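Quick mapping for you: the protein sequence lines, in order, are chains H and B.
For what it's worth, the working numbering labels the leading residue of the first sequence as 5, then goes sequentially.
For what it's worth, the working numbering labels the leading residue of the second sequence as 507, then goes sequentially.
As structure tokens, the structure follows; a few thoughts come after it.
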Amino acid sequence: SQQGEEDPQALSIQEGENATMNCSYKTSINNLQWYRQNSGRGLVHLILIRSNEREKHSGRLRVTLDTSKKSSSLLITASRAADTASYFCATDRGGANNLFFGTGTRLTVIP
Amino acid sequence: KAGVTQTPRYLIKTRGQQVTLSCSPISGHRSVSWYQQTPGQGLQFLFEYFSETQRNKGNFPGRFSGRQFSNSRSEMNVSTLELGDSALYLCASWTGQGASDTQYFGPGTRLTVL
């Protein structure tokens, strides 16, 4: 079963704009990870945020985590056409050795 | 370091056949997990192997099985294929020890069952 959901399910923006995707989950976690998937390909790891962290940055990516609301957000600043992909959040449900994925957000960046 | 590799990348089979997929983890990683991705069910966990032992298992029928070798390479097998087994199969690796950590995925094997 899915751990949670991302919203929106689909997002279309112009190049240069910022994109924000949200993820909600259902159980306690040790960490939450964001992945990117280009059409039909493998998952590329973007960032991991631990349950005791509130915000993390990596290049143009900013991830926040609110464990009280069981939610996380991924912000991509100054988006590029190459950012067009599906984005998934995944959690470990408090220590499992496998990941539980959300439903994904399909981001389209229009040049 | 080389990334996670999966072979073959594409596979076409017919109903009733069986299939074996292979995954080579990142060097030094001892945990390999398998996931199935379909448009309807999304990404679902199949099973995880650590040091040649199945450590976790998802909710899939017994037709899905796997194993891990002493060099940490893993294979998964699906017997008596059904149309619904058509999916992208992804494997992921991490060190497998300590607190859960970043898992790195391979490019996947696209299985089509006719």
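Note that beta-carbon positions come from the ideal geometry of N, C-alpha and C, so glycine has one too.
Since the model is a prediction, treat every value here as computed from it, not as a measurement.
1. Which residues in the same chain have their Cβ closer than 6 angstroms to the Cβ of B/Ser539, if we skip the five residues on either side of it in sequence?
2. Can you tell me the Cα-Cα spacing of H/Asp87 and H/Arg45, whole angstroms?
3. Between the stretch 100–110 of chain H and the stretch 51–69 of chain H, can you find at least three pairs of beta-carbon atoms closer than 8 angstroms?
4. Mind listing, in chain order, the continuous beta strand (DSSP E) runs of no fewer than 3 residues lying wholly within the stretch 541–573 of chain B?
5. Three or more C-beta pairs under 8 angstroms: does that hold for the stretch 577–590 of chain B against the stretch 527–546 of chain B?
6. Using a beta-carbon distance cut-off of less than 8 angstroms, what residues from the stretch 29–60 of chain H approach chain B?
7. For the beta strand (DSSP E) containing H/His61, name the first residue and the last one.
8. According to DSSP, what are the bridge partners of B/Thr526?
9. Report yes or no: do three or more beta-carbon pairs, one from the stretch 30–48 of chain H and one from the stretch 92–99 of chain H, lie closer than 8 angstroms?
10. Using CA atoms only, rank isn't needed, just tell me which of B/Thr608, B/Ser592, B/Gly604 is closest to B/Gln523.
11. Below 8 angstroms on the Cβ atoms is my guess for H/Ile114 versus H/Ser43; work out the distance and round it to an integer in Å.
12. Shorter than 7 angstroms from the beta carbon of H/Asp128 to some beta carbon of chain B?
13. Counting only C-beta atoms, is B/Glu581 closer than 7 angstroms to chain H at any point?
14. Give, in chain order, every residue of the stretch 64–76 of chain H whose Cβ lies closer than 9 angstroms to some Cβ of chain B.
15. Can the beta-carbon of H/Asn26 be found closer than 7 angstroms to that of H/Thr81?
In brief:
1. Glu554, Ala598
2. 14 angstroms
3. no
4. 548–556, 559–563
5. yes
6. Asn34, Asn35, Gln37, Tyr39, Gly44, Arg45, Gly46, Leu47, Val48, His49, Leu52
7. 59–62
8. B/Asn583
9. yes
10. B/Ser592
11. Between H/Ser43 and H/Ile114 the Cβ distance is about 16 angstroms, and since that is not below 8 angstroms, they are no contact.
12. It is not possible to answer for residue 128 of chain H, since the shown part of chain H is limited to 5 through 115.
13. no
14. none
15. no
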